[in-house]
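> Heads up, this note's numbering is the position in the sequence shown plus 139, with the first residue counted as 1.
Using N, Cα and C, we set each Cβ at its ideal position, and we do this for glycine too.
All values derive from a computational prediction rather than experimental measurement.
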Amino acid sequence: MKPLRYISLMLIFMLFSADISNAESRAAVIKKKPGASTAKIALVIGNCNYKDNPLSNPANDAALMSKVLTELGFKVTKKINATQKEMKKAIDDFGEEIIGAEVALFYFAGHGAQVNGNNYLLPIGADIKVENDIEYESIDAGRVIGKMDNAKAKFKLVVLDACRNNPFARSFRSDKRGLAVMNAPTGTLIAYATAPGSTAEDGTGSNNGVYTAELAKNIKKSGLK
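#1: Do the CB positions of residue 184 and residue 214 come within less than 8 Å of each other?
#2: Reducing DSSP to helix, strand and coil, say where residue 191 ends up.
#3: Candidates 186, 212, 354 and 245: which alpha carbon is nearest residue 287's?
#4: Could you pull out every unbroken beta strand (DSSP E) segment of at least 3 residues lying fully inside the segment 245-290, listed in chain order?
#5: What separation, rounded to the nearest whole angstrom, lies between the Cα atoms of residue 358 and residue 348?
#6: Look at the Cβ atom of residue 193, then the Cβ atom of residue 221, and state whether they are nearer than 8 Å.
#7: Quick one: measure Cβ to Cβ for residue 201 and residue 240, integer angstroms, because I've assumed they're closer than 8 Å.
#8: Under the three-state reduction of DSSP, which class applies to residue 181: helix, strand or coil?
#9: Could you tell me if residue 300 is buried or exposed, where buried requires 16 or more neighbouring beta carbons within 10 angstroms of its beta carbon?
#10: In terms of alpha-carbon separation, which member of 178, 180 and 203 lies closest to residue 345?
#11: Return the residue from the list 182, 207 and 180 that minimises the CA-CA distance to residue 353.
#12: With respect to the beta strand (DSSP E) encompassing residue 296, which residues constitute its N-terminal and C-terminal limits?
#13: Residues in the same chain with beta-carbon distance under 8 Å from residue 281, minus the five sequence neighbours each way, listed in chain order, please.
#14: Could you spell out where the alpha helix (DSSP H) holding residue 230 opens and where it closes?
#15: How would you label residue 197, buried or exposed, when you count the other beta carbons within 10 angstroms and need 16 or more for buried?
#16: Grab the span of the beta strand (DSSP E) containing residue 209 for me, first residue to last.
#17: Go ahead and label residue 325 buried or exposed: buried means 16 or more other beta carbons lie within 10 angstroms of its beta carbon, across all protein chains shown.
#18: Grab the span of the beta strand (DSSP E) containing residue 320 for me, first residue to last.
#19: Just checking my contact of residue 252 with residue 237 at CB under 8 Å: how many whole Å lie between their CB atoms?
#20: What number of angstroms, rounded off, separates the C-alpha of residue 331 from the C-alpha of residue 191?
#21: How about residue 272: is its Cβ closer than 7 Å to a heavy atom in the ligand SAH?
#22: May I have the straight-line CA-CA distance separating residue 285 from residue 323, to the nearest angstrom?
#23: So what does DSSP say about residue 332, is it helix, strand or coil?
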């Protein structure tokens, strides 16, 4: 991982915050429409209690990001050790909630895998025996991006700390590591914990993964509110 990755994300948060400040000033003059969305909304998911290859830090990472984002004025929904059904419901609800939002942010920490160029986020309880099972037992990251794009939020940020080793790799035909590059719609930034095709560290000797710890630290240093 490179410091530049963290700096880039910090700059994005700075831009978001500046824009939100302007939006909040306008809101003092322009009456908010009934049912209009909160300015900044985030869905944060951390999965660690996998039956095969459990992880140490995603729950802590999700808690840390939730705390930092709340301090930045985000309305945060946090899910820990979510099943596929729970993740789908949370993502669908998130897609509805962010309609008209200024900033929509999705964060996932846990296992991820790529198959045929598509990225999948692994829920708790996934029963994956062969490569074809992943489509039915996990969450296609494209589903998240599609929901966010359809909501027409002004700025959309997807943070995937999900490039750890695929626990089902031995049963897969493909030997692709990490996550694949995803095409981001206009107004969307996709941030990965490491370079495409590489794997990230879960973190050793710490309560948090390396990527999320550095991201949170740099956001805090920026002094954004």
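Let's see:
#1: Looking up residue 184 in the sequence shown gives position 45. Looking up residue 214 in the sequence shown gives position 75. Contact: no.
#2: Within the sequence shown, the letter at position 52 stands for residue 191. Residue 191: coil per DSSP, three-state reduction.
#3: Here residue 287 corresponds to residue number 148 of the sequence shown, with the count starting at 1. Closest by C-alpha distance to residue 287, out of 186, 212, 354 and 245, is 245.
#4: DSSP assignment within the segment 245-290 yields the following whole beta strand (DSSP E) runs of 3 residues or more, N-terminal first: 251-254 and 257-260.
#5: In the sequence shown, residue 358 corresponds to position 219, counting from 1. In the sequence shown, residue 348 corresponds to position 209, counting from 1. So the two alpha carbons sit approximately 16 Å from each other.
#6: Taking the first residue of the sequence shown as position 1, residue 193 is located at position 54. Taking the first residue of the sequence shown as position 1, residue 221 is located at position 82. Between residue 193 and residue 221, the gap from beta carbon to beta carbon reaches 8 Å or more.
#7: Translated into the one-based positions of the sequence shown, residue 201 becomes position 62. Translated into the one-based positions of the sequence shown, residue 240 becomes position 101. Going by Cβ atoms, the distance from residue 201 to residue 240 rounds to 20 Å, so no, they are not a contact pair.
#8: The sequence position of residue 181 within the sequence shown is 42, counting from 1. Reduced to three states, the DSSP call for residue 181 is strand.
#9: As a position in the sequence shown, residue 300 is number 161, starting the count at 1. Residue 300 is buried by the Cβ-count criterion.
#10: The residue given as residue 345 occupies position 206 in the sequence shown. In this structure, 203 is the residue among 178, 180 and 203 with its C-alpha nearest to the C-alpha of residue 345.
#11: Sequence index remark: in the sequence shown, residue 353 carries index 214 (1-based). When only C-alpha atoms are compared, the closest one is 207.
#12: Counting from 1 along the sequence shown, the entry for residue 296 is found at position 157. Segment 294-300, the beta strand (DSSP E) holding residue 296.
#13: The residue given as residue 281 occupies position 142 in the sequence shown. Hits under 8 Å: 257, 258 and 321.
#14: Position 91 of the sequence shown holds residue 230. Bounds of the alpha helix (DSSP H) holding residue 230 are 223-236.
#15: On the sequence shown, residue 197 is found 58 positions in, with the first residue counted as 1. With 16 or more other Cβ atoms from the protein chains shown falling within 10 Å of its own Cβ, residue 197 counts as buried.
#16: The count along the sequence shown starts at 1 and reaches residue 209 at position 70. Run containing residue 209: none in the beta strand (DSSP E); it sits in the alpha helix (DSSP H), 197-210.
#17: Walking along the sequence shown from the start, residue 325 turns up at place 186. Flag for residue 325 reads exposed.
#18: Sequence index remark: in the sequence shown, residue 320 carries index 181 (1-based). Element bounds for residue 320: n/a, residue is neither H nor E.
#19: Sequence index remark: in the sequence shown, residue 252 carries index 113 (1-based). Sequence index remark: in the sequence shown, residue 237 carries index 98 (1-based). By a beta-carbon distance limit of 8 Å, residue 252 does not contact residue 237. Their separation comes to about 26 Å.
#20: Taking the first residue of the sequence shown as 1, we reach residue 331 at position 192. Taking the first residue of the sequence shown as 1, we reach residue 191 at position 52. Straight-line Cα distance between these residues: approximately 23 Å.
#21: In the structure shown, the ligand SAH is absent, as is every other ligand, since no ligand is present at all.
#22: Residue numbering aside, residue 285 sits at position 146 when the sequence shown is read from its first letter. Residue numbering aside, residue 323 sits at position 184 when the sequence shown is read from its first letter. Going by the C-alpha atoms only, they are around 10 Å apart.
#23: Position 193 of the sequence shown, counted from the first residue, corresponds to residue 332. In the three-state scheme derived from DSSP, where H, G and I count as helix and E and B as strand, residue 332 is classed as coil.
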